[in-house]
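Participant: Let me begin by handing over the structure; questions about it come next.
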Amino acid sequence: MNKQQGTVKKWQDDKGFGFIETEAGESVFFHASEFRAQRRPDIGEAVVFSIGQDAEGRRRAKQVQELGFVQQKMAQKNKQIRQRNQTRSHQADFEAGQKKRSLLGMAFYGVLVLLAAMDKLSWLVVGWYIVLGIITYGMYAKDKAAAQSGDWRTPESTLHVLSALGGWIGALLAQTYLRHKSQKPEFRVTYYLTVVVNMAGLLFLLAGGGLETLKELLDSLM
């Protein structure tokens, strides 16, 4: 039923009914049982209502509500919609950026292979990064499944340790494509710190060999 606005023009409290004047100037009967507030209506009060019929087919107002109450609820609903839209927009922007960083992370594997091919890095280190990346991704997947089923969770410290040891690319891919741990700002901050720690360790291993190439990679990731 379409909602209309009007004003309570007459009210007989002892009989429990009154009349609403519509915006078109019509007078519509309504009963106290149709007034949704936990009180009696006041004369001159603005209300919102629907037009219906009684058992004898006569027009009467139904679902009568205070206009101020309806406007307040509508304002709250619109605010919630705006907040949800803003949250979705921010999350969409984050995920778009996360995908770009994931591509750069995958390119990091290529840099490691290049350095190993140039005998500036051990192939064991390359294998270590690949294996740790797979393990870390698997741990994220396991933790997400546990979160959904209510099982025992993997401590966040464990995920961060794996990332710092070299599994940060697997962690980044898991955050992006599994959408796990991607909405907690404090977790993301700690994650990026583990990347810095790992890069510092790799620079130490390189000890000058291929340093300029790795610096360029770090600049692209920032």
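Per our numbering, the very first residue in the sequence shown carries number 106; after that it's consecutive. From the three backbone atoms N, C-alpha and C, an ideal C-beta is built for every residue, glycine too.
#1: Tell me the DSSP secondary structure of alanine 221 in three-state form.
#2: Can you grab the Cα-Cα spacing for the pair leucine 219 / threonine 241, in whole Å?
#3: Mapping DSSP to helix, strand and coil, what is glutamate 139?
#4: In chain order, what residues of the same chain have a beta carbon less than 6 Å from the beta carbon of isoleucine 148, not counting five sequence neighbours either side?
#5: Among the residues of its own chain, which have a CB less than 8 Å from the CB of isoleucine 235, if the five just before and after it don't count?
#6: If I measure Cβ to Cβ from glycine 210 and keep anything under 6 Å in the same chain, skipping five residues before and after, which residues do I get?
#7: Would you list the one or two residues that DSSP bridges to serine 132?
#8: What residue range is occupied by the uninterrupted beta strand (DSSP E) comprising threonine 112?
#9: When the Cα of alanine 137 is compared with those of Arg293, Asp119, Glu128, which residue comes out closest?
#10: For proline 146, count neighbouring C-beta atoms within 10 Å of its own C-beta (all shown protein chains included) and say buried if the count is 16 or more, exposed if not.
#11: Within a Cβ cutoff of 6 Å, which residues of the same chain sit near histidine 265, ignoring the five residues on either side of it in sequence?
#12: Would you call asparagine 303 buried or exposed, if buried means 16 or more other Cβ atoms sit within 10 Å of its Cβ?
#13: Compute the distance between the beta-carbons of alanine 246 and leucine 283, then report whether it is under 8 Å.
#14: Who are the near neighbours of glycine 314 in its chain, counting only those whose CB is closer than 6 Å to its CB and skipping five residues on each side?
#15: Starting from arginine 163 and walking both ways along the alpha helix (DSSP H), at which residues does that stretch end?
#16: Report the option in Ser268, Leu267, Met244, Arg163 whose CA atom is closest to the CA atom of tryptophan 257.
#17: State the Cα-Cα distance for the pair leucine 316 and valine 231, rounded to the nearest angstrom.
#18: State buried or exposed for serine 254, treating a residue as buried only when at least 16 other CB atoms are found within 10 Å of its CB.
#19: If you check the beta carbons only, do alanine 166 and phenylalanine 154 fall under 8 Å apart?
#20: Who are the Cβ neighbours of leucine 172 in its own chain at under 7 Å, not counting the five residues just before and after it?
Facilitator: The short version:
#1: Three-state result, alanine 221: helix.
#2: The alpha-carbon atoms of leucine 219 and threonine 241 are separated by roughly 23 Å.
#3: Reduced to three states, the DSSP call for glutamate 139 is helix.
#4: Val113, Trp116, listed in sequence order.
#5: Excluding sequence neighbours, isoleucine 235 sits near Tyr214.
#6: So the qualifying residues of the chain are Ile274, Leu277.
#7: Paired residues: Glu126.
#8: Per DSSP, the continuous beta strand (DSSP E) segment holding threonine 112 begins and ends at 108-117.
#9: Alanine 137 has its Cα closest to that of Asp119, out of Arg293, Asp119, Glu128.
#10: Buried: at least 16 other Cβ atoms inside 10 Å.
#11: For histidine 265, where only same-chain residues beyond five positions count, the Cβ hits under 6 Å are Thr295, Thr299.
#12: Asparagine 303 is buried by the Cβ-count criterion.
#13: In this structure, leucine 283 lies closer than 8 Å to alanine 246 by Cβ.
#14: Since pLDDT at glycine 314 reaches only 47, below the 50 mark, its modelled position is unreliable, and the value read off the structure follows with that caveat. So the qualifying residues of the chain are Lys225.
#15: Membership of arginine 163 in any alpha helix (DSSP H) is not indicated, and neither H nor E is assigned to it by DSSP.
#16: For tryptophan 257, the closest alpha carbon among the candidates Ser268, Leu267, Met244, Arg163 is that of Met244.
#17: With a pLDDT of 46 at leucine 316, under the threshold of 50, the predicted position of this residue should be treated as unreliable, though the coordinate-derived value follows. A straight-line Cα-Cα distance of about 16 Å links leucine 316 and valine 231.
#18: By the neighbour-count rule (16 or more Cβ atoms within 10 Å), serine 254 is not buried but exposed.
#19: Taking 8 Å as the cut-off, the Cβ atoms of alanine 166 and phenylalanine 154 count as close.
#20: Gln110, Ala151, Val152, Val153.
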